[in-house]
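Q:
Chains as they are written, first to last, in the numbering used here: chain A, 1 to 525; chain B, 1001 to 1525.
(1) Using a C-beta cutoff of 9 Å, does residue 427/A count as contacting chain B?
(2) For residue 220/A, which option in 362/A, 419/A, 202/A, 193/A has the closest C-alpha, if you only look at C-alpha atoms?
(3) Report yes or no: do three or more beta-carbon pairs, one from the stretch 1040–1052 of chain B and one from the stretch 1298–1312 of chain B, lie closer than 8 Å?
(4) Just the Cα atoms here: how many angstroms apart are residue 1432/B and residue 1472/B?
(5) Taking Cβ to Cβ, would you say residue 269/A is nearer than 9 Å to residue 94/A?
(6) Do the stretch 1006–1019 of chain B and the stretch 1315–1330 of chain B meet, that is, are 3 or more Cβ pairs less than 8 Å apart?
(7) Mind pulling the chain B residues with CB within less than 8 Å of residue 445/A?
(8) Using C-beta distances below 8 Å, list every residue in its chain close to residue 144/A, excluding the 5 sequence neighbours before and after it, in chain order.
(9) Excluding the 5 residues preceding and the 5 following residue 1348/B in the sequence, name in chain order all residues of the same chain whose CB lies nearer than 8 Å to its CB.
(10) Output, in sequence order along the chain, the residues in the stretch 72–84 of chain A whose CB is closer than 8 Å to any CB in chain B.
(11) Are residue 1308/B and residue 1042/B closer than 9 Å when you measure CB to CB?
(12) Quick check on residue 174/A - is its C-beta less than 9 Å from some C-beta in chain C?
(13) For the beta strand (DSSP E) that contains residue 350/A, what are its first and last residues?
(14) Taking the alpha carbon of residue 342/A as the reference point, which residue from 165/A, 243/A, 439/A has its own alpha carbon closest?
(15) Using a Cβ-Cβ cut-off of 9 Å, state whether residue 248/A counts as contacting chain B.
(16) Look up residue 1204/B in the DSSP assignment and say whether it is helix, strand or coil.
(17) Have a look at the DSSP bridge pairing and note the partners of residue 1048/B.
(18) Using the beta-carbon of each residue, which ones in chain A are nearer than 7 Å to residue 1459/B?
(19) So who's on the other strand from residue 106/A, going by DSSP bridges?
(20) The stretch 15–38 of chain A: which residues have C-beta closer than 9 Å to a C-beta of chain B, in chain order?
(21) Going along chain A in order, which residues have a C-beta closer than 8 Å to the C-beta of residue 1297/B?
(22) Answer yes or no: does any C-beta atom of chain A fall closer than 9 Å to that of residue 1190/B?
(23) For residue 375/A, decide whether its Cβ has a neighbour in chain B, counting only Cβ atoms nearer than 9 Å.
(24) If you follow the beta strand (DSSP E) that residue 1147/B is in, where does it begin and where does it stop?
(25) Out of curiosity, what's the CA-to-CA distance linking residue 1477/B and residue 1303/B?
(26) Quick one: which chain B residues come within Cβ less than 8 Å of residue 151/A?
(27) Three-state secondary structure (DSSP) at residue 1464/B?
(28) Please compile the residues from chain A whose C-beta is within a distance smaller than 7 Å of the C-beta of residue 1053/B.
(29) Quick one: grab the DSSP three-state call for residue 1159/B.
(30) Tell me which same chain residues have a C-beta within less than 7 Å of the C-beta of residue 1171/B, skipping the five on either side of it?
(31) Rounded to whole angstroms, what's the CA-CA distance from residue 1369/B to residue 1007/B? Just pull it up for me.
(32) Among 174/A, 364/A, 470/A, which has the Cα closest to the Cα of residue 291/A?
(33) Pull up the DSSP beta-bridge partners for residue 1405/B, would you.
(34) Pick from 32/A, 305/A, 84/A: whose alpha carbon is nearest that of residue 1/A?
(35) Here's a check: name, in chain order, each residue in its chain whose Cβ is nearer than 7 Å to the Cβ of residue 1286/B, leaving out the five neighbours to either side.
(36) Between residue 1388/B and residue 372/A, how many whole angstroms is the CB-CB distance? I'm expecting something under 8 Å.
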């Protein structure tokens, strides 16, 4: 297997040359193209790239790039347990949480796939016991609320998933349905406000930190324990931990139980582990979480397909590289036309920018091209009344990634002017794709829309747990493939370390930097 | 008054030349500089630009740019009621909502300042009557909840303000404290979920649409009315409108009352009007909203100062132009170290990108430089565990705007390892500024931090209504000044129109575009 920088591939210069030929969307976005540029994904999802500025010639070059950078081969190595997190000398096994697609992965004499399955079953059983009332709180009450304490990967993904499924679960009449809350920020106003909004004696806390040393999470754990004690409740009856077996939170009688992940699961990729699984399984039942995993597993399987026209994650990744390195566009907007996905862009922002916001290659070598873009987004139609002005008529172009579903989650709708709100939502989505692509001429330059704003669309029937799993894994795999193309290690995050070190110095009173001391004084630290 | 494009100013080429000289932050960010680069703002707020890549020479050129583009003169014209929204032939008067700084503004024989004051008093009286129980719901119950129906400017700003003050109000023991909710998206799952979470017989709905024709808002109004009727409640006893006097919602017996704004208040600038005022005054009391207006008014006053070293909004604006057009950085991240400001970046994203995401000047003429950047952000420390990897070690540089406060809102804290959570929060903030500016060398390239990432800091004592008003007006004024520098009309939003037109065509069944018809079919419209 060869690991070479993108600009050292033979296809690189061909792509650079191809970028000089404009693929005009106004001319090319035909009904035929929309039908043709369609890639089935897992569950009911379909990836449509018709409105991307990608000609057949460019698609062929992207296929050549996929082949030359051996994307499928590298993915298979990852699945087989090769050390793909080179900086930290770790395997990368979040796909294994969803099912096995490669060889048995053995570490320290242990079959890791079996370990993940056992933990899944352990926390499924635990969640059932909470839901049935077999496990109760310190005052003997059934748990009606579950609150996660975690930050970053232990917060954004699980929170986005919970929000995505909350209404779906209501509609399905899942019983019981525990209400979930999240405490993440070290700002004590966050924890305090959450605590004030829940019945402590009926709340189970899920403490998530792989290392067991995350500053914010430990501070919030102490905060919660203090409140529990003041309410006359035994904290050990109200907290369950998700951590690694070597952390201080493991095998610790301060908790109801502990569920384990290992170093092969990166924080931002941990939604499929107990980090996302305990709260989702407790809130909605283990079957819901297993459906989610099944959808993700199907996406993982699809990502093994070598033909880019049949592999949505790989094609999406390559089009992203095309836009970033050859069309030179520094951002990507994620625009789900689904209120349930309101925090999905925030999770993707983390997933993408923390994985591929890197300036050295997987060996620490220099790279001479741009890597991961800025990712941002809000749900439609809300975004239309916010930043779409920039998207339509700004001086710069942001590639767009639309997501939409045929059906609402709650099926509670109203007809106004001959159409339901769901139909209006979808009509807006379809209209925006074409408005961005084709624009509109007007003699008034202020009303002129240049168009040529590229977008893709992921569409599905309904946002179910399975569709959600498929969707999340699609993006995880897209980001993985982009890391392979850019020759990065997408699985470490050294960029977060310096801030931690300096924070500790400030807190110890010895910052070692005069300017930092003045900032500290200004903030009255 | 001259209105010329940025690249036609005499100082433009000097700035371009200055951009070739690097102002090294690692060398220059001294204790002395942090103390010196400090501009008092309204309330307790201070703008600090020490960690920006702005030398004294560049600051002098930015002052020259401010003078040449007559930023203060144009601001004064705006305050005096000149038609600054050229495309729509409208005055721009959101500052007048907060107090009068210019001449009397007369339109159609009416003193607009008096009109705004009367409306403020009218909805203050209404809010008091709701809070005291003088105005009750259809079933004779006191209102305990208030839910806003609106989108874009009628949603993001008011929502951000409510979230920013919710905990503060709790701490102040304001009685009563109505719980606020927001319905915005045309996705019916949004309205349905909100309705399911509130006691309908105790909920006042605030319907906000200036035109009274916003598709999403009318659909959600019908949705809400339908639910009220099904609950046996008279909708006219549960809804109050905020609209223009010429809209179908005005003087309409379907509502408890209607409060008015006019065409001189742009949607995204309407937080200081009834669009934000009715819900804030009802939830927390009119005095809270008036304090907010007072803080904003102080910011507006400060923005009249011609010396950029004393005018935080103007300096912030000019540094943004310096970074966008001369350092060529296409984004800006807003990073409030305050959970209460969790949705403030989303509002600023709208404010900025909808105002200055423009590609023609105020006369519809071409421009040959970049305008408004992409704005994104999440609260710290959460963001540190998400996209900060990109910010520290990505291939591209995003200028940063930090915000932080000395005190928490709830004053409910815990000490761990010798420091409170509030202190940890602030230590992280101070540390990040210096980490971004100075970086850190390491023999391992993966652990190397290049630094030279510019940031500013707005710091204050505590996030109170007054500080919040000052903060919001700062950004509104910053964006206004940038629009003047770029010679834009920052007050229209033609870029949102095409999508609306195409949506209507889709809904009427005659899209006129074959590709659009296929997209519609894929989404089963």
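For each residue, glycine too, the CB sits at the ideal point set by N, CA and C.
A: Looking at the coordinates:
(1) yes
(2) Of the candidates 362/A, 419/A, 202/A, 193/A, the one whose C-alpha sits nearest the C-alpha of residue 220/A is 193/A.
(3) yes
(4) 23 Å
(5) yes
(6) yes
(7) One finds 1360, 1364, 1365, 1366 in chain B with Cβ atoms closer than 8 Å to the Cβ of residue 445/A, taken in chain order.
(8) Excluding sequence neighbours, residue 144/A sits near 176, 178, 179, 199, 202, 203.
(9) 1334, 1375, 1377, 1475
(10) Those would be none; no residue qualifies.
(11) no
(12) Although the question refers to chain C, the structure presented lacks it and instead comprises the protein chains A and B.
(13) Residue range 344–356 is occupied by the alpha helix (DSSP H) that includes residue 350/A, with no beta strand (DSSP E) assigned at that position.
(14) 165/A
(15) No - not a single Cβ of chain B is within 9 Å of the one on residue 248/A.
(16) strand
(17) 1038/B, 1457/B
(18) 522, 523
(19) 111/A
(20) Only those residues of the stretch 15–38 of chain A whose C-beta falls short of 9 Å from the nearest C-beta of chain B are listed: 29, 30, 31, 32, 33, 34, 35, 38.
(21) Contacts between residue 1297/B and chain A, judged by CB atoms closer than 8 Å, are missing: the closest CB pair is about 25 Å apart.
(22) Residue 1190/B belongs to the set of residues whose beta carbon lies under 9 Å from a beta carbon in chain A.
(23) Yes, because at least one Cβ of chain B sits closer than 9 Å to the Cβ of residue 375/A.
(24) First-last of the beta strand (DSSP E) with residue 1147/B: 1145–1149.
(25) 7 Å
(26) 1381, 1382, 1385
(27) The DSSP-derived three-state label of residue 1464/B is coil.
(28) Residues of chain A passing the Cβ test: none, with the nearest at roughly 15 Å.
(29) Residue 1159/B: helix per DSSP, three-state reduction.
(30) 1409, 1410, 1411
(31) 7 Å
(32) 470/A
(33) 1460/B
(34) Sorting 32/A, 305/A, 84/A by C-alpha distance to the C-alpha of residue 1/A places 84/A at the top.
(35) 1124, 1127, 1128
(36) That pair is no contact at about 13 Å.
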